[in-house]
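Below: one structure, written as structure tokens.
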Amino acid sequence: MKMKINLWWLVAALAGGVFLGGLLFSGGEENHTHEKEVAESVTYTCSMHPQIRQNEPGQCPICGMDLVPVSQLDNESDTTAIQLSSSAMRLGNIRTTTVGYAGSPEETLTLNGRVVPDENMVRTQTSHVEGRIERLFVATVGEEVRKGQRIATIYSPKLIAAQQELLQAADMQESHPQLLEAAREKLRSFRLTDNQINQIIASGTTTNNLDIYAEFSGTVLEKMVNVGDHLMEGSPIYLLADLSRVWVQFDAYESDLPVVNVGDEISFTVSGIPGRQFQGEISFIDPVVDPRTRVAHVRVVIPNEAALLKPEMFVKGTLRTSEKDSEDRLLIPRTSVLWTGPRSIVYVRESADGEGATFRMQEVVLGPVIGDYYVVENGLAPGADIVVNGTFTVDAAAQLAGKPSMMNVKADGAEESTEDYGEASQQLKDITAKIIRTYTSLKDYLVASDYENARKQSEMLLEQTQSLAGLNVNEQWASWLSEISEKLEKETSLASNAGNVDELRSAFIGLSENMVRLSQRITPLDETLYVMRCPMANNNQGARWLSFENEVRNPYYGDMMLTCGSVTETIK
370 MKMKINLWWL VAALAGGVFL GGLLFSGGEE NHTHEKEVAE SVTYTCSMHP QIRQNEPGQC
430 PICGMDLVPV SQLDNESDTT AIQLSSSAMR LGNIRTTTVG YAGSPEETLT LNGRVVPDEN
490 MVRTQTSHVE GRIERLFVAT VGEEVRKGQR IATIYSPKLI AAQQELLQAA DMQESHPQLL
550 EAAREKLRSF RLTDNQINQI IASGTTTNNL DIYAEFSGTV LEKMVNVGDH LMEGSPIYLL
610 ADLSRVWVQF DAYESDLPVV NVGDEISFTV SGIPGRQFQG EISFIDPVVD PRTRVAHVRV
670 VIPNEAALLK PEMFVKGTLR TSEKDSEDRL LIPRTSVLWT GPRSIVYVRE SADGEGATFR
730 MQEVVLGPVI GDYYVVENGL APGADIVVNG TFTVDAAAQL AGKPSMMNVK ADGAEESTED
790 YGEASQQLKD ITAKIIRTYT SLKDYLVASD YENARKQSEM LLEQTQSLAG LNVNEQWASW
850 LSEISEKLEK ETSLASNAGN VDELRSAFIG LSENMVRLSQ RITPLDETLY VMRCPMANNN
910 QGARWLSFEN EVRNPYYGDM MLTCGSVTET IK
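If you count the sequence shown from 1, position 563 lands on 932 in my numbering, and the numbers rise without skipping.
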């Protein structure tokens, strides 16, 4: 009996073990299958090159960074928001800030300029009688001249005749005193002094050569005659300037003018006078913008008794100014804005948790530039949390996800609607074709780090872009061309004046953005243009450029990172 009971317990234990084993085995297989499916569903990407996508971890083939999982937080029902994981935000160095108001924001504006003579203190020493220069006592430019100083000797038949008339009138002065006074007055009109006239009367003889004396003091800026030259009455001899007071003439671009006002204090330094800082007050702003350089002159009058400031010295000025009588303005950092054609966009963070954040593109209308900030006229409200660093990274993720981005305003991959300006004229197409080819040559020289040839191409490009705004086109084209040509001229001017290849590459960033806009609007060439982007350029904010070749050749780094970048768009 006892043996039967033990056998029954043994059978029961074996059955229970089989059941539990099957249960555990089944659950483990199901769990393993689930983990395998999850692993296969994860896509890995590079936080700096979001176009890189693969199904397993590894390193980015472009920059070598470790790949990270694409965020699994995306809500596919929301076609306008882009969600990023916390790791992607951390690796992409994405930072945000809260938008707020600022009253009368102050700007620090750097202006370059040079010292020039005060035009009110520049004089021309002329000859007041026809004759031939026999001798010059001031022979070189830069000499100091004092008023009353003998500066030249002249031979003049008219002077000899006038002396003879004076001597004849002197003989008849008792009977005809008015003749003597008339003869004296004639010689005074030739700028002879009373002392010279009295000497002629006292000697009783004429002099073939007479001296010319300086009528005012100054520094000789230009010598206009040589010994033996024949002068007409009124011919210039010297250009003189009193340099005890000079002008410092700064160059202000059109975009700078709204915050520059007469009466603003400006401090400046001169490279030729190290360790010395000068102060002055803006006394005049040129009402006309130079059509070639797109700058207006800003004038500061400076006393110069010690003659420290010399004409043509280069100066660098710092102007602290704010909009007069302005109300509080809504400001956003310049790093937060992406430009795309006529639009300006920012990315607003709408929600965040420990696993990531949700961003949505927002189009904004911008006002003037105030230092490192833009004034927002429309599109944002105080308290909005916007991306200020890593904006291009967020936008690249939005593009790959088919969400609204700088290149795609509508969701679901819809094309951005653009206003129809009509067919571009053949003249406009021809000029644009030249501009594009000169630009790509400039790009090639930057790839080769050839500063001299790149600067020459910039000068050529500046001349070509200046012809855009003056074309005979309809009102819509004229407005757009005026805006794009202004930007291109400013950027090519900066490039052509760059002191080294790094400065030129810095100017190439803004130039390329507007060249992309120009090429997207006007397509005058049969060749395909490739829009490329390097995420590492522009302090890791990314920068684009145009190329006729599909192969990446980076103009921002040259040999250091020759293949960094990728094609983001083709223009056919």
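Just so you know, even glycine gets a beta-carbon here, dropped at the ideal spot from N, CA and C.
Which residue comes first and which comes last in the alpha helix (DSSP H) that contains residue i?
i: V816; result: 795-816
i: S496; result: Note, S496: premise wrong, no alpha helix (DSSP H); not H, not E.
i: A508; result: A508 -> no alpha helix (DSSP H), and no H or E assigned at all.
i: I569; result: 563-572
Rounded to the nearest angstrom, how far is the Cβ of residue i from that of residue j, given a contact under 8 Å?
i: R483; j: F683; result: 5 Å
i: L677; j: I642; result: 6 Å
i: I529; j: V594; result: Wrong, their Cβ atoms sit about 21 Å apart, outside the cutoff.
i: E858; j: Q833; result: Not quite, the Cβ-Cβ distance comes to about 10 Å (not below 8 Å), so this is no contact.
i: V670; j: D487; result: 7 Å
i: L797; j: I891; result: 6 Å
i: R459; j: G759; result: Actually they are not in contact, since the Cβ atoms of R459 and G759 sit about 10 Å apart, beyond 8 Å.
i: L626; j: L699; result: So it is not a contact: roughly 22 Å between Cβ atoms.
i: T412; j: N424; result: 6 Å
i: F637; j: V617; result: 6 Å
Does residue i come out as helix, strand or coil in the three-state DSSP assignment?
i: T686; result: Sequence check: residue 686 is Gly here, not Thr. Of the three classes helix, strand and coil, the one that applies to G686 here is strand, per DSSP.
i: K527; result: helix
i: Y820; result: helix
i: I714; result: strand
i: N424; result: coil
i: E584; result: coil
i: V738; result: strand
i: R501; result: strand
i: V658; result: coil
i: I701; result: strand
i: Y925; result: coil
i: L608; result: strand
i: K555; result: helix
i: M541; result: coil
i: G934; result: coil
i: N909; result: helix
i: Q943; result: Lying before the first or after the last residue shown, residue 943 is absent from the chain, which here runs from 370 to 941.
i: D435; result: strand
i: L535; result: helix
i: T412; result: coil
i: Q731; result: strand
i: Q518; result: coil
i: V744; result: strand
i: P486; result: strand
i: D722; result: strand
i: V763; result: helix
i: V328; result: Given that the chain is displayed from residue 370 to residue 941, the structure contains no residue 328 and the question cannot be resolved.
i: L626; result: helix
i: L678; result: coil
i: L600; result: strand
i: L894; result: coil
i: L749; result: coil
i: N481; result: strand
i: T939; result: strand
i: F388; result: Because F388 carries a pLDDT of 39, less than 50, the predicted location of this residue cannot be relied on, and the following value inherits that uncertainty. F388 falls in the helix class under three-state DSSP.
Would you mind reading off the limits of the beta strand (DSSP E) that contains residue i?
i: V757; result: 754-758
i: D620; result: 614-622
i: I635; result: 634-639
i: A450; result: 450-454
i: S916; result: 912-916
i: I671; result: 664-672
i: T467; result: 464-467
i: R902; result: 898-903
Any beta-carbon of chain C closer than 8 Å to the one on residue i?
i: R557; result: The chain inventory of the structure shown lacks chain C, comprising one protein chain alone.
How about the stretch 752-764 and the stretch 700-718: do they share at least three Cβ pairs that are nearer than 8 Å? Flag = yes, the stretch 752-764 and the stretch 700-718 touch.
Alpha helix (DSSP H) runs wholly inside the stretch 824-891, at least 4 long, in chain order: Counting only runs of 4 or more, we get 844-865, 870-890.
Specify whether the stretch 824-835 and the stretch 865-876 touch according to this definition: at least 3 beta carbon pairs, one from each stretch, less than 8 Å apart. Yes: the two stretches touch, three or more of their Cβ pairs being nearer than 8 Å.
Could you check whether the stretch 810-820 touches the stretch 921-935, counting it as contact only if at least three pairs of C-beta atoms, one from each stretch, sit closer than 8 Å? Three or more pairs of CB atoms, one per stretch, sit closer than 8 Å, so the stretch 810-820 contacts the stretch 921-935.
The stretch 504-518 in contact with the stretch 531-540 per 3-pair CB rule at 8 Å: Look at the beta carbons and you see the stretch 504-518 not touching the stretch 531-540: under three pairs across the two are nearer than 8 Å.
Three or more C-beta pairs below 8 Å linking the stretch 719-727 and the stretch 599-619: They do not touch, by the three-pair rule.
Whether or not the stretch 660-669 and the stretch 616-625 are in contact is what I'm after, with contact meaning three or more pairs of Cβ atoms, one per stretch, closer than 8 Å; do they touch? With a cut-off of 8 Å, the stretch 660-669 and the stretch 616-625 count as touching, because enough Cβ pairs lie within range.
I'd like to know if the stretch 883-890 and the stretch 913-922 are in contact, where contact means that at least 3 CB-CB pairs between them fall below 8 Å. Short answer: they touch.
Mind the definition here: the stretch 540-558 touches the stretch 597-606 only if three or more C-beta pairs lie below 8 Å; say whether that holds. By the criterion of at least three beta-carbon pairs nearer than 8 Å, the stretch 540-558 is not in contact with the stretch 597-606.
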